[in-house]
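Each remark here refers to the structure printed beneath this line.
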Amino acid sequence: MGLEFGGILGLIWLLIIIWAIVKVGSSGASGLAKAIWILILLFAPVLGFIVWLLIGPKG
């Protein structure tokens, strides 16, 4: 059971990161800011997502 549960949590986390990347891409931020946020989300997904929620581009 543990392996299946971990797989489901991993899939949910992947969907959250994809959602965050889509939100960054559709934000009103500059192209460079979008690129930096997307790289942060890809290379440090947990910390990047938390930081993005707190101070990321709004709108």
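One point on numbering: in the UniProt record's numbering, the residue at position 59 of the sequence shown is 59, and numbering is uninterrupted. Don't be surprised by glycine CBs; every beta carbon is placed ideally from N, CA and C. Fair warning: this is a prediction, and the values are worked out from it, not measured in the lab.
Cut-off 7 Å between Cβ atoms - residues of its own chain near residue i, not counting five sequence neighbours on either side
i: Trp37; result: Val24, Trp52, Gly56 and Pro57
i: residue 115; result: Given that the chain is displayed from residue 1 to residue 59, the structure contains no residue 115 and the question cannot be resolved.
Same chain only: Cβ atoms within 8 Å of residue i, ignoring 5 sequence neighbours per side
i: Lys34; result: Val24, Gly25, Ser27 and Pro57
With 16 other Cβ atoms within 10 Å as the buried cut-off, status of residue i
i: Gly48; result: buried
CB contact flag (residue i, residue j, <8 Å)
i: Pro45; j: Ile12; result: no
Segments of 4+ residues assigned as alpha helix (DSSP H) that fall wholly inside the UniProt domain "Cardiolipin synthase N-terminal" (16–57): As far as the UniProt domain "Cardiolipin synthase N-terminal" (16–57) is concerned, its whole alpha helix (DSSP H) runs of at least 4 residues are 31–43 and 45–55.
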